[in-house]
Amino acid sequence: MNAVLADARVGFCAKLVFLTLFEAGYLKARVDANSIGKEQWVQENVLRFLMQNALSSIIPSLIVVLIFSWINWSQLKVSVGADIWLASALLLGGVRLFHYYRYVQPDNGLSIHQWLVSYRILALLSGLVYGFMTVLFFKGASTPLQVLTMFIVVGMPAAAVGTHAVDRYTFRLFMLAIIIPSAVVLYLTGDPTYRVVAFLITIFTFVMDRSARQSATSIRDNFNMTFEMSYRATHDPLVGLFNREELEHQFELRAPRSKKAIAMMFVDLDNFKPLNDTLGHQAGDDALIKVAGIIKHAIRSDDIAARLGGDEFCVILFIHDETDVMAIANRICEDVANLKFPEQYGGLSTSIGVSYNTHTQVSFSRLMRVADMACYESKESGRNQVTLLQYGVDA
Numbered sequence: 026m027n028a029v030l031a032d033a034r035v036g037f038c039a040k041l042v043f044l045t046l047f048e049a050g051y052l053k054a055r056v057d058a059n060s061i062g063k064e065q066w067v068q069e070n071v072l073r074f075l076m077q078n079a080l081s082s083i084i085p086s087l088i089v090v091l092i093f094s095w096i097n098w099s100q101l102k103v104s105v106g107a108d109i110w111l112a113s114a115l116l117l118g119g120v121r122l123f124h125y126y127r128y129v130q131p132d133n134g135l136s137i138h139q140w141l142v143s144y145r146i147l148a149l150l151s152g153l154v155y156g157f158m159t160v161l162f163f164k165g166a167s168t169p170l171q172v173l174t175m176f177i178v179v180g181m182p183a184a185a186v187g188t189h190a191v192d193r194y195t196f197r198l199f200m201l202a203i204i205i206p207s208a209v210v211l212y213l214t215g216d217p218t219y220r221v222v223a224f225l226i227t228i229f230t231f232v233m234d235r236s237a238r239q240s241a242t243s244i245r246d247n248f249n250m251t252f253e254m255s256y257r258a259t260h261d262p263l264v265g266l267f268n269r270e271e272l273e274h275q276f277e278l279r280a281p282r283s284k285k286a287i288a289m290m291f292v293d294l295d296n297f298k299p300l301n302d303t304l305g306h307q308a309g310d311d312a313l314i315k316v317a318g319i320i321k322h323a324i325r326s327d328d329i330a331a332r333l334g335g336d337e338f339c340v341i342l343f344i345h346d347e348t349d350v351m352a353i354a355n356r357i358c359e360d361v362a363n364l365k366f367p368e369q370y371g372g373l374s375t376s377i378g379v380s381y382n383t384h385t386q387v388s389f390s391r392l393m394r395v396a397d398m399a400c401y402e403s404k405e406s407g408r409n410q411v412t413l414l415q416y417g418v419d420a
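Quick note: to get the numbering used here, add 25 to the position in the sequence shown (first position is 1).
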């Protein structure tokens, strides 16, 4: 019964932390424009969760180190090892603060994996600070000081369940760096009482690891649920591209900050209705998925593709000149025309209209209107071709 209640408390606390961060706007960012996978998205949110709790981990750690050093000031004055420990602890605190500061900058320069690895290394070093605290100060200390040391050794991993548990590597590195040196020191004293304490904190390690796993599972389940909700709200369920609403959102988000010219590609399939009538709607759905794949393969990593509905697609491109978008549009035309179908169906092609603007201060609706006009010209001129109109010049 106690185990069930403990599991319930852990799950409740994990969900409470998650919901608090969600309400604060911490997980309200939309899915990346390039439709990143669920696992990468979860990793991004794991990193955000760790960094969101970084200051609440760093500041108390520094306070604990300073208070403990003040209590042991007499030993610090005569022990070189204790002086090195204090200097290392303060230096590490400064490095962790700088690490957090770099992360919150708009252009922090590292990948998600690199940030996670660096955070784990710093967590390991932070744990070693407390592990060596036992090595340096426990033996020969007064009973109240030994009690305080054990309280810190047990309390820091317990507190880390709330700040580090979402990433099992971070939590385990931090916890084991504290527990292992402490347990070894206690066992080597030869005192039966201390050896019992060493055994108990070893058992405590397994309890904390189990609690951390439960907390991480609850939080990651919520991450996955949020991803699914966000994905369904922003993506076309059939082809996996953005829907129109998210395309416009991404345009409004990125266009004002872009230093490149902007182009919008309006892609309309030719002869799509006869495909449905001749081969059936399943064949039509399969064709739409193949066309979406062609578009995703043709565009660059920073371009934004969407299905507007029916047989219409749209792509926003940030480019240096119009030759870039024409090359991509012609490639899409060729690849769609090369799709193979049964003989009773004449074949699929695309009419593409491109609106091009050298300035990014243009509205989404106006740019789409010009792209639609260009697409209409492609259809009137015989289909299966690309027409480009420069906004403000040709239309």
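Think of the CB as a built atom: it goes at the ideal place given N, C-alpha and C, for glycine as much as any other residue. Quantities reported herein were computed from a predicted structural model and do not represent experimental measurements.
Subject >> Where the beta strand (DSSP E) through Arg282 begins and ends >> reply: First-last for Arg282: undefined, no H or E at that position.
Original post:
Who are the near neighbours of Leu150 in its chain, counting only those whose CB is closer than 6 Å to its CB and skipping five residues on each side?
Top reply: Leu117
**OP:** With DSSP as the reference, label Ile329 as helix, strand or coil.
**Re:** strand
**OP:** Look up Tyr381 in the DSSP assignment and give the residues it is bridged to.
**Re:** Ala288, Gln415
**OP:** With DSSP as the reference, label Val105 as helix, strand or coil.
**Re:** helix
Original post:
Are three or more beta carbon pairs between the segment 68 to 83 and the segment 120 to 127 nearer than 8 Å?
Top reply: yes
Original post:
Leaving out five residues before and five after Leu147 in sequence, what residues of the same chain have Cβ atoms less than 8 Å from its Cβ?
Top reply: Leu117, Val120, Arg121, His124
Original post:
Assuming Met289 and Ile341 make a contact with CB atoms under 8 Å, what is their CB distance in whole Å?
Top reply: 6 Å
**OP:** On the DSSP bridge assignment, give the partners of Val340 in chain order.
**Re:** Met290, Ala330
Original post:
Mapping DSSP to helix, strand and coil, what is His345?
Top reply: coil
**OP:** At 3 residues or longer, and completely inside the segment 166 to 213: list those beta strand (DSSP E) runs for me, N to C.
**Re:** none
Subject >> Range covered by the alpha helix (DSSP H) that runs through Asp234 >> reply: 217 to 259
**OP:** May I ask you to verify whether the segment 252 to 272 touches the segment 354 to 362, counting CB pairs closer than 8 Å and requiring at least 3?
**Re:** no
Subject >> Close-in-space but distant-in-sequence residues of the same chain around Ala323 (CB under 8 Å, 5 per side omitted) >> reply: Ile353, Arg356, Ile357, Asp360
Original post:
Does DSSP put Ser376 in a helix, a strand or coil?
Top reply: strand
Original post:
In whole angstroms, what separates the C-alpha of Thr259 from that of Leu272?
Top reply: 8 Å
Original post:
In its own chain, which residues sit with a C-beta less than 6 Å from the C-beta of Arg197, not counting the 5 before and 5 after it?
Top reply: none
Original post:
Below 8 Å, can you find three or more Cβ-Cβ pairs linking the segment 365 to 385 to the segment 405 to 415?
Top reply: yes
**OP:** Please go through the same chain and pick out, in chain order, the residues whose beta-carbon is closer than 8 Å to the beta-carbon of Asn249, but skip the five residues on each side of it.
**Re:** Lys63, Val67
Subject >> Rounded C-alpha distance that separates Leu304 from Glu405 >> reply: 26 Å
**OP:** Give me the Cα-Cα distance between Arg394 and Leu333, rounded to the nearest whole angstrom.
**Re:** 14 Å
Original post:
Looking at the unbroken alpha helix (DSSP H) that takes in Asp302, where does it start and where does it end?
Top reply: 297 to 304
**OP:** Report the rounded CA-to-CA distance for Cys400 versus Val292, giving the unit in angstroms.
**Re:** 7 Å
Original post:
Gln386 to Ser255, Cα distance in whole Å?
Top reply: 28 Å
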